[in-house]
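Working notes for the structure below.
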Amino acid sequence: MGFLNNLINGISLGSIYAVIALGYTLVYGIAKMLNFAHGDVIMVGGYVIFYSMTSFSINPYLSVLIAVIVCTVLGIVIEKIAYKPLRQATSLSVLITAIGVSYFLQNSALLLFGEKPVNFTSVVNVPSISLFDGQVVITGEAIVAIVVSILIVIGLSLFINKTKSGRAMLAVSEDKDAAQLMGININRTISLTFAIGSGLAAIAGALLCSAYPTLQNTTGAMPGIKAFVAAVFGGIGSVPGAMIGGILIGVIEILGRAYISPQLSDAIVFAVLILVLIIKPTGILGKKVREKV
Amino acid sequence: MNNKTALAKTKMLKPQTKKSFTTYIMVTVVFVIMMILSSTGNVSSQIDGLLVPLCVYSILAVSLNLTVGILGELSLGQAGFMCVGAYASALFSIATKETILVEWVRFPLAILVGGIFAAIFGILIGIPVLRLNGDYLAIVTLAFGEIIKNVFAALYVGIDSKGLHIALNQADMNLEADGTEIIRGALGVKGVPNDSSFVVGFILLLITLIISYNYINSRTGRAVKAIRDNSIATESVGLNITKYKLITFALTAFLAGIAGALYSHNYSTLQASKFDYNLSILILVFVVLGGIGNIRGSVIAAIILTLIPELLRSINSYRMLIYSIVLIVMMILTSNEKARTFIVTNFGKLKGMVLKIFKRKDTAEKEVK
Amino acid sequence: MALLEVKNLGISFGGLRAVDEFNVSIEKGELYGLIGPNGAGKTTVFNMLTGVYKPSKGVITLDGENITGKSTRDINRAGIARTFQNIRLFKEMSVLDNVKVGLHNHYKYSTAEGVFRLPRFFSTEKEMDKKAMELLHVFELDDKADFLASNLPYGDQRKLEIARALATEPKLLLLDEPAAGMNPNETVELMNTIRFVRDNFDMTVLLIEHDMTLVSGICEKLSVLNFGQLLCQGKTSDVLNNPEVITAYLGE
Chain A
1 MGFLNNLING
11 ISLGSIYAVI
21 ALGYTLVYGI
31 AKMLNFAHGD
41 VIMVGGYVIF
51 YSMTSFSINP
61 YLSVLIAVIV
71 CTVLGIVIEK
81 IAYKPLRQAT
91 SLSVLITAIG
101 VSYFLQNSAL
111 LLFGEKPVNF
121 TSVVNVPSIS
131 LFDGQVVITG
141 EAIVAIVVSI
151 LIVIGLSLFI
161 NKTKSGRAML
171 AVSEDKDAAQ
181 LMGININRTI
191 SLTFAIGSGL
201 AAIAGALLCS
211 AYPTLQNTTG
221 AMPGIKAFVA
231 AVFGGIGSVP
241 GAMIGGILIG
251 VIEILGRAYI
261 SPQLSDAIVF
271 AVLILVLIIK
281 PTGILGKKVR
291 EKV
Chain B
1 MNNKTALAKT
11 KMLKPQTKKS
21 FTTYIMVTVV
31 FVIMMILSST
41 GNVSSQIDGL
51 LVPLCVYSIL
61 AVSLNLTVGI
71 LGELSLGQAG
81 FMCVGAYASA
91 LFSIATKETI
101 LVEWVRFPLA
111 ILVGGIFAAI
121 FGILIGIPVL
131 RLNGDYLAIV
141 TLAFGEIIKN
151 VFAALYVGID
161 SKGLHIALNQ
171 ADMNLEADGT
181 EIIRGALGVK
191 GVPNDSSFVV
201 GFILLLITLI
211 ISYNYINSRT
221 GRAVKAIRDN
231 SIATESVGLN
241 ITKYKLITFA
251 LTAFLAGIAG
261 ALYSHNYSTL
271 QASKFDYNLS
281 ILILVFVVLG
291 GIGNIRGSVI
301 AAIILTLIPE
311 LLRSINSYRM
321 LIYSIVLIVM
331 MILTSNEKAR
341 TFIVTNFGKL
351 KGMVLKIFKR
361 KDTAEKEVK
Chain C
1 MALLEVKNLG
11 ISFGGLRAVD
21 EFNVSIEKGE
31 LYGLIGPNGA
41 GKTTVFNMLT
51 GVYKPSKGVI
61 TLDGENITGK
71 STRDINRAGI
81 ARTFQNIRLF
91 KEMSVLDNVK
101 VGLHNHYKYS
111 TAEGVFRLPR
121 FFSTEKEMDK
131 KAMELLHVFE
141 LDDKADFLAS
151 NLPYGDQRKL
161 EIARALATEP
171 KLLLLDEPAA
181 GMNPNETVEL
191 MNTIRFVRDN
201 FDMTVLLIEH
211 DMTLVSGICE
221 KLSVLNFGQL
231 LCQGKTSDVL
241 NNPEVITAYL
251 GE
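Protein chains in written order, with our numbering: chain A, 1 to 293; chain B, 1 to 369; chain C, 1 to 252.
What follows is the structure, given as structure tokens:
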């Protein structure tokens, strides 16, 4: 039964990684950049929810909505100020800038909210389910995380494949120049991608902080990096891949923590990344791109 | 070839050694001044304690610049390689404390061991990832750094009459009564001999600079720069890209390992938690601010950016915030055409100064002719 | 035996046949042209010849050696060097160093000899400088040896690419639209350079070009590609008078 509990915890953590990984995978597919700051947007979302619930006593669900709006705007602003001027720059410059943005968010939060972690009150009020006479417990947070992530993946797939803006995103990820010639507004599409990714990061923040209720300025960094691992694992650029990769990484992390060593669970996740890159660099559902000569 | 090419002006170009020698002299002069001030008691204990770390950071920055500036790839695993070097050399010194009694024999060997172990890790990490696109290299080196830190923080190693014991917690080591614990998990290693000094640090920095400049200005370095500028063209003239990437990556790791050895022998205890991702980023800030590809700039940036926050404690809490803004602004200014033109045309007075900053990359190239 | 023998070469991208049943035979010392409308697959042929793309079928033989499917690096070592349609120089390196990278495989010393500045470093570098300056002189670039490659005018950049390719001492030189973006005077100058290279380096040249002055001026033989298929090949004057070729270029 312990294994079943661990497995459920792994899937629930993995669902949160999946929501974060979607942000990476969309931005990587469309802007061809690794948005290092994505994880830190989660932390910003967490703080927005925390303060609107504690300082302004706003209803939890409304607080999440506010966080989604704040993070969406933040994502758009980050893209406009830091990344847009570097569209023609080398990937090295873009990556360094993204690291700069990540550090900026972390250290602004440090100055604004202090070093001390705050105790986050869960936004979820779904009761937990007990199975096998209470030997297996599924927390409300786990249920919500799993359900929400499935809904997001379905919704996002529909959006990308069925709406005009979604198809524009597909076109830009396929061939930016050709998409532009077809009358697609590249800047708007990239903005939209950052907006969606950052909005999802806020939701991921709510789920993550509800399940693991300590919030500090570096809260988003590690989950962010692990979610990137998940995106690579599933195949970067693929929406279902992010979901599969996220859940696998979550399960590997929790099982590794339970059965190998608690201190080494992060190391195990990263070892998975290195293995994936050796065996199948394009991930489970990814496709190969070649440079034009 | 025929008469016409025989007539070719065989104008010989001397290897451009001026830039590198200016750097050697600069570093030496600073060293001598500091030594004089120190011996006459004119240096505060605070600065005195910073002398070895300054050398450590400078070596790390110069070595990272080989990967970032010359190869054009981002490595975020500098702290990981340093950690390998620090542990390997510290364990070597502890193990040979009784057998090699002469410090000036043992310490250089320990440094070499640190460098070699780090280089081996560099090669092991490099083989799978160097054929992938640059973003992956960045994330894998970051992952590697975290793995190294976590593994060392979780590791318990002890020795007793029955031999070596390795475990993931203290109790599992099952040491006999006569045993000693060498690595104690998160508490790290105790009893590392205090062999580091400013003199050793200076010598290592100078060696690092000489190796780096010579490397850049050699056949191999030229191949590496070619890969950075255009990998497809480099392959088309028959070069083995992976080989040269790997050599550069291993050299960066080797020098970071040396820095780790210098670091671990400067304090008597060694903890893995010191070698975190933030340290790798800090070194990257030095490289970016000193000018990507500019070796001397890395040293200057490492020294200034280490001293200022220490001397001006009031800005210390804003330090990382300022660094992050510096990273973003530097990248936008140097990579965005519009930003360049805007500044050059709108700040006439600053023009000379600004141009100087922007020309850095070009002069860096001249220096590495 | 011909220097380059290509038999039934073909490649598909995602089911689309980009090039099919391409055959060509080039004798040593020939100046050969590959022409055809945009999108006919000319650069794709170059990319297969140089190992950038792996052909789906067919055989490429260089000087009796089967080089089909080999890596770009090995093909260069076997004796094919190329230039690129969109110039690919080492932009942040000096003109001299661009050529010296081309000389890399013919003048060797180890990394350690370089780092520790052992005698072989100095002697080899000196020889490389001399050889590189000779090559630059051929292209009248020797007085610009110190320039950054990106600071050269366009025409000079194309010439530098040829010099770099020649530095690898190839048997066959592939030029992908060498006259693109050049004015008529520069084109004439380029034609003379290509002839000079062929005569003085005993070089065989295969080039892709749209500029008909250049094609008819220096190419001895031509192959015409249209929609990935070989339309016709033979002596330049015959090919250019072929009604099919004229139709392919001008439309019905």
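Don't be surprised by glycine CBs; every beta carbon is placed ideally from N, CA and C.
On a predicted model such as this, the values are computed, not experimentally measured, just so you know.
Taking the DSSP output, what are the residues bridged to residue i?
i: Ile236 of chain A; result: Ile236 of chain A pairs with nothing; no bridge assigned.
i: Thr204 of chain C; result: C:Leu172
i: Asn185 of chain A; result: BP columns for Asn185 of chain A are empty, so no partner.
i: His165 of chain B; result: B:Gly158
i: Thr25 of chain A; result: Thr25 of chain A pairs with nothing; no bridge assigned.
i: Ser130 of chain A; result: A:Val137
i: Thr61 of chain C; result: C:Glu5, C:Asn66
i: Ser223 of chain C; result: C:Leu34, C:Gln233
i: Glu181 of chain B; result: B:Gly158
i: Asn119 of chain A; result: A:Thr214
Run through DSSP, which three-state label would residue i get?
i: Glu98 of chain B; result: coil
i: Cys232 of chain C; result: strand
i: Arg198 of chain C; result: helix
i: Asn5 of chain A; result: helix
i: Leu66 of chain B; result: helix
i: Val43 of chain B; result: coil
i: Val276 of chain A; result: helix
i: Phe36 of chain A; result: coil
i: Leu240 of chain C; result: helix
i: Glu177 of chain C; result: coil
i: Phe22 of chain C; result: strand
i: Val189 of chain B; result: strand
i: Phe230 of chain B; result: The sequence shown places Asn at residue 230 of chain B, rather than the Phe named in the question. In the structure shown, Asn230 of chain B sits in coil (DSSP, three-state: anything other than H, G, I, E or B).
i: Arg73 of chain C; result: helix
i: Leu285 of chain A; result: coil
i: Arg17 of chain C; result: strand
i: Leu148 of chain C; result: strand
i: Leu312 of chain B; result: coil
Starting from the C-beta of residue i, find all residues in its chain whose C-beta is less than 8 Å away, skip the five residues before and the five after it, and write them out in chain order.
i: Lys108 of chain C; result: Thr124
i: Ser38 of chain B; result: Asp48, Leu51, Phe198
Alpha helix (DSSP H) containing residue i: first to last residue?
i: Val237 of chain B; result: Segment: none, Val237 of chain B is in no alpha helix (DSSP H) and carries neither H nor E.
i: Gly290 of chain B; result: 277-290
i: Ser216 of chain C; result: 212-218
i: Ile162 of chain C; result: 154-167
i: Arg106 of chain B; result: 103-129
i: Asn214 of chain B; result: 198-216
i: Lys80 of chain A; result: Looking at the DSSP string, Lys80 of chain A is not in any alpha helix (DSSP H), and its letter there is neither H nor E.
What residue range is occupied by the uninterrupted beta strand (DSSP E) comprising residue i?
i: Ile11 of chain C; result: 4-13
i: Leu76 of chain B; result: No beta strand (DSSP E) contains Leu76 of chain B, which DSSP labels as neither H nor E.
i: Ala143 of chain B; result: That residue, Ala143 of chain B, is in no beta strand (DSSP E); its alpha helix (DSSP H) goes 134-154.
i: Val137 of chain A; result: 136-138
i: Ile35 of chain C; result: 31-35
i: Arg82 of chain C; result: 80-82
Can you list, in chain order, the residues of its chain whose CB lies under 6 Å from that of residue i, leaving out five sequence neighbours each side?
i: Ala230 of chain A; result: Tyr17, Ala21, Gly245, Gly246, Ile249
i: Val59 of chain C; result: Lys7, Thr68
i: Thr139 of chain A; result: Ser128
i: Tyr100 of chain B; result: The amino acid occupying residue 100 of chain B in the given sequence is Ile; Tyr does not appear at that position. Answer for Ile100 of chain B: Arg106, listed in chain order.
In its own chain, which residues sit with a C-beta less than 7 Å from the C-beta of residue i, not counting the 5 before and 5 after it?
i: Lys4 of chain B; result: With a pLDDT of 39 at Lys4 of chain B, under the threshold of 50, the predicted position of this residue should be treated as unreliable, and no value is reported.
i: Ala2 of chain C; result: Ser25, Ile26, Glu27
i: Asn47 of chain C; result: Tyr53
i: Gly14 of chain C; result: none
i: Ala119 of chain B; result: Ala250, Ala253, Phe254, Gly257
i: Leu7 of chain A; result: Val251
Return yes when the C-beta of residue i is under 7 Å from any heavy atom of the ligand GDP, and no when it is not.
i: Ala177 of chain B; result: No copy of the ligand GDP appears in this structure; indeed no ligand is present at all.
Entirely enclosed alpha helix (DSSP H) segments - the stretch 90-119 of chain C, minimum 4 residues: 95-102, 111-115
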